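A short write-up of the structure that comes next.
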Amino acid sequence: MGRSPSDLAVFVAKRLLQLVPVLIGITILTFVFTHLSTVNPCAQWFPHADPTTLANCRAQFSKPLYVQYWNYLVNLLHGNWGASVQGRPVYPQIAQGLPATLELVLASLFLMIVIGIPLGVIAAQSAGRWADHLVRIFYLSGWATPTYLGAVIAAIFVAPYLGLPSGGEYTNTPPPFPQYTHMSVVDALVAGNLSYTGDALVHLILPAATLAFINMGIATRMTRSSMLEVLPLDYVKSARMKGLSDFLVMYKHALRNALITTTTVLGVTAGGLLAGTVVIETVFRWPGIGNYAYYAIGGGGNTPNFDGAVAVVAVFAVGVVVANLIADILYGVLDPRVDWR
Amino acid sequence: MRTFWNVLRANPLTLVGFVLVVLIALTALIITVAPGLLTPYRSDVATNAYAQAPSWAHPFGTDGGGLDIYSEVLYALPFDLAIAFAIAGVALVAGGALGLIAGFWDRPGSVGGAVSVLIMRITDIFLAFPSLILALAIAVSLGRGVLQLIVAVLLTWWPYYVRLARGETLAVKHLPYVTAARAAGVTEGRIVLRHVLRNILEPVIVYFTLDVGTVLVTLSTIGYVGLGVNYPITPEWGSMMSTYQNAGLITSDPWTVLGPGVAIFVTVLAFSLLGDGLRDVLDPRSRRVLAGASTGGPTSTSPAERKEEADEALGRSKDLPGAALGEGSPAP
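Chains as they are written, first to last, in our numbering: chain A, 67 to 407; chain B, 26 to 357.
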């Protein structure tokens with residue numbers, strides 16, 4: 067079987083190489099949809115702009131397309147991601163916001179897996195009976211709630227009711243310690259400041275829970291389906307016949323599949339989680355790239371930030387691709403049937 | 026028809042979803058042709074009650090401009106529903122056609138194989154973008170309006186149907202009756218239309234049912250962000266929320282969330298219940314398609330699964346070997 071360590075290196079290397087054309091494709095598509103989409107992009111992206119900005123814009127857009135794209139690519143790779151109309155450079159803002167979004171997404175993933183997968187197991191165990199129906203109503207309700215509705219209800223109604231904060235990373239910003247990672251909980255832990263760590267966690271839980279609730283359906287459904295498929299199989303039956311208790315059978319033998327399901331969940335929900343951060347971070351005032359994206363595209367009637375929007379859209383796509391890559395590699399490692407060569 | 030009712034009855038939730046969908050469709054119809062039956066207020070006409078809490082006269086209250094929220098929600102229903110159906114429908118047809126082509130004529134080394142690879146590579150790149158985010162960027166570039174909104178979401182939505190249709194086509198095209206039909210001399214075009222298409226239609230329609238809800242959530246989120254349609258002119262649930270939020274109404278008059286919120290939640294839940302219940306029937310196929318993108322992890326088709334779908338495709342006559350030959354379509 068092709069599953070030695072050197073085979074693994076080949077497996078990962080192949081995946082990384084497949085990444086390159088996708089990344090190039092992402093830059094092309096981002097460029098196309100932001101530069102080509104309208105007869106007069108300057109009017110759309112720079113409304114109420116002063117004459118100098120407009121003149122600059124028109125000069126930029128009047129160059130031939132391949133020149134525009136080449137400039138865009140060169141700047142992208144040099145870290146020169148432009149600036150907003152007010153002159154705030156894009157790159158540092160995205161670099162700071164990305165870890166905060168990562169923290170939020172990881173927390174949501176954690177909640178999705180810790181709550182969604184057991185729910186899927188319960189649903190599979192009682193397939194067709196009332197527990198199954200309850201679980202289905204639960205995760206379909208999450209699915210049917212648009213992010214903005216969930217976020218608004220959570221921040222404005224649920225938060226005060228539960229005594230949770232309705233926004234921000236900490237109660238008092240800026241925190242009295244250096245923010246090395248820009249992940250609220252990690253920074254506080256690294257600084258050894260336990261009260262701020264607790265504070266950060268308390269601020270993290272509601273946005274993460276809202277995001278998780280909305281996206282949990284996929285995890286629960288996948289777990290339920292794979293458990294239903296595995297339960298009648300011979301190795302489970304023979305484990306039962308050997309005298310192992312139902313509990314052991316369920317959680318030792320059948321649930322090993324859940325690990326594989328989890329990695330697939332990571333890949334499939336990556337897009338939805340990242341898209342959800344746009345609204346969640348805005349409503350909860352979480353300083354991540356979702357928040358940045360909302361204002362960059364002119365959300366809530368603000369002036370759009372063209373350079374920022376172009377950059378952040380590509381960053382989101384790269385995030386999805388990387389998440390899928392990780393899921394792919396994890397899946398290859400976990401599923402013993404996969405040949406690494 | 027009989028099997029459809031059986032599927033509905035299999036799970037009470039599916040039936041609930043179906044009934045709700047029918048009710049919603051009926052409401053949309055009535056509000057379009059005879060709005061007077063459901064509400065005394067005409068669209069966009071202010072009443073004298075400004076920012077009032079829910080009451081018998083105004084079940085969802087009124088907003089800052091004096092509009093009855095309940096009526097506005099009802100008037101937005103046919104718009105939202107029609108836009109969602111339009112987007113999902115066009116995505117299904119365009120994406121489905123591409124996926125069918127990419128799946129059926131994908132022999133490596135042939136012209137069809139090259140086209141198939143090209144289609145899938147482009148699809149993969151589109152699929153890398155979270156649909157909402159790309160749609161938002163396109164929406165800014167296109168400006169506001171109904172058509173712009175449809176185009177923006179459509180451009181990000183078609184790839185999902187390509188992946189779905191291709192997966193289903195790949196599963197179906199190696200089944201015995203297709204090979205038999207080929208051997209019997211049936212032309213490729215006819216095989217695609219009569220045999221392959223008819224059999225991928227079922228899982229695709231099930232996905233479509235679920236998808237209408239997802240599209241609705243996405244397009245209303247675009248409305249919430251402040252792009253898409255112009256609310257007072259075109260009623261749309263997300264845009265209504267956006268207007269209320271910008272006017273600070275959500276904090277001062279919280280009941281304003283109720284109207285558009287309940288409306289979209291119930292509508293999407295209805296389609297999701299129906300679609301999810303339908304999907305249960307086709308479980309192994311949809312699970313496999315969901316887990317396997319063309320650059321994603323290996324699709325795990327166990328021998329049990331493949332046998333099951335072969336049985337399903339052969340119809341209820343798996344004990345009649347003759348049914349596999351010729352042009353007998355196994356689709357019910």
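For glycine and all other residues, C-beta sits at the position ideal for the given N, C-alpha and C. Keep in mind it's a predicted model, so treat the numbers as computed, not measured.
| query | result |
| --- | --- |
| When you compare each of B:Ala164, B:Thr148, B:Leu200 to A:Trp111 by their alpha carbons, which one comes out closest? | B:Ala164 |
| Output, in chain order, the set of chain A residues within a Cβ distance shorter than 8 Å of B:Asn31. | Those within 8 Å of B:Asn31 in chain A number zero; the least Cβ separation is about 14 Å. |
| Counting only C-beta atoms, is A:Phe99 closer than 7 Å to chain B at any point? | yes |
| Mind checking A:Asn238: buried by the 16 CB within 10 Å criterion, or exposed? | exposed |
| Please check if any C-beta of chain D sits within less than 7 Å of the C-beta of B:Ser297. | In the structure shown, chain D cannot be found, because the protein chains are A and B. |
| Excluding the five sequence neighbours on either side, which residues of its own chain have a C-beta within less than 7 Å of the C-beta of A:Leu177, listed in chain order? | Ala274, Ala275, Ala278 |
| Does chain A have any CB closer than 7 Å to the CB of B:Ala107? | no |
| If you compare alpha carbons, which of A:Pro107, A:Val386, A:Leu267 is closest to A:Gly338? | A:Val386 |
| If you draw a straight line from the alpha carbon of B:Ser245 to that of A:Leu340, how long is it in whole angstroms? | 17 Å |
| At 3 residues or longer, and completely inside the region 277-302 of chain B: list those beta strand (DSSP E) runs for me, N to C. | none |
| List the residues of chain B whose Cβ lies closer than 7 Å to the Cβ of A:Leu206, in chain order. | Leu294, Ser297, Leu298, Asp301 |
| Applying a beta-carbon distance threshold of less than 7 Å, which residues of chain B neighbour A:Ala389? | Simply none; closest approach about 10 Å. |
| Under the three-state reduction of DSSP, which class applies to A:Pro158: helix, strand or coil? | helix |
| Do you know how far the Cα of B:Tyr202 is from the Cα of A:Leu272? | 54 Å |
| How about B:Gly302 and B:Thr39: do their beta carbons lie closer than 7 Å? | yes |
| Please state whether DSSP places B:Thr87 in a helix, a strand or coil. | strand |
| Is the CB-CB distance between A:Phe382 and B:Pro84 below 7 Å? | no |
| Which residues in chain B have a C-beta closer than 9 Å to the C-beta of A:Val156? List them in chain order. | In chain order: nothing, as chain B lies at least about 14 Å away. |
| Nearest to A:Leu153 by alpha carbon, out of A:Thr167, A:Trp406, A:Asp373? | The question names Leu, yet the displayed sequence has Gly at residue 153 of chain A. Nearest of A:Thr167, A:Trp406, A:Asp373 to A:Gly153, Cα basis: A:Asp373. |
| Is A:Thr167 near A:Thr348, with beta carbons less than 7 Å apart? | no |
| From A:Asn146 to A:Glu169, what distance separates their C-alpha atoms? | 25 Å |
| Measure the alpha-carbon distance for A:Ala75 versus A:Gly398 and round it to whole angstroms. | 12 Å |
| Got a sec: which bits of the region 241-253 of chain B sit with their beta carbon under 8 Å from any beta carbon on chain A, in order along the chain? | Val242, Ser245, Thr246, Tyr249, Val250, Gly251, Leu252 |
| If you scan the region 228-286 of chain B from start to end, which runs of the alpha helix (DSSP H) of 4 or more residues do you find wholly inside it? | 262-271, 274-277 |
| Could you tell me which whole alpha helix (DSSP H) segments of length 4 or greater appear in the region 235-276 of chain A? | 250-256 |
| If you draw a straight line from the C-alpha of B:Ala111 to the C-alpha of B:Leu102, how long is it? | 14 Å |
| What residues from the region 161-184 of chain B come within 7 Å of chain A, judged by C-beta to C-beta, listed N to C? | Leu161, Ala162, Ile163, Val165, Ser166, Leu167, Gly168 |
| Runs of 4 residues minimum, wholly inside the region 112-192 of chain A: which ones carry the alpha helix (DSSP H) assignment? | 117-128, 131-143, 156-177, 183-191 |
| So, do the region 117-130 of chain A and the region 87-96 of chain A have three or more beta carbon pairs nearer to each other than 8 Å? | no |
| Could you spell out where the alpha helix (DSSP H) holding B:Val187 opens and where it closes? | 171-198 |
| Tell me which residues share the same chain as A:Leu185 and place their Cβ nearer than 6 Å to its Cβ, disregarding the 5 neighbours each side in the sequence. | Val201, Thr286 |
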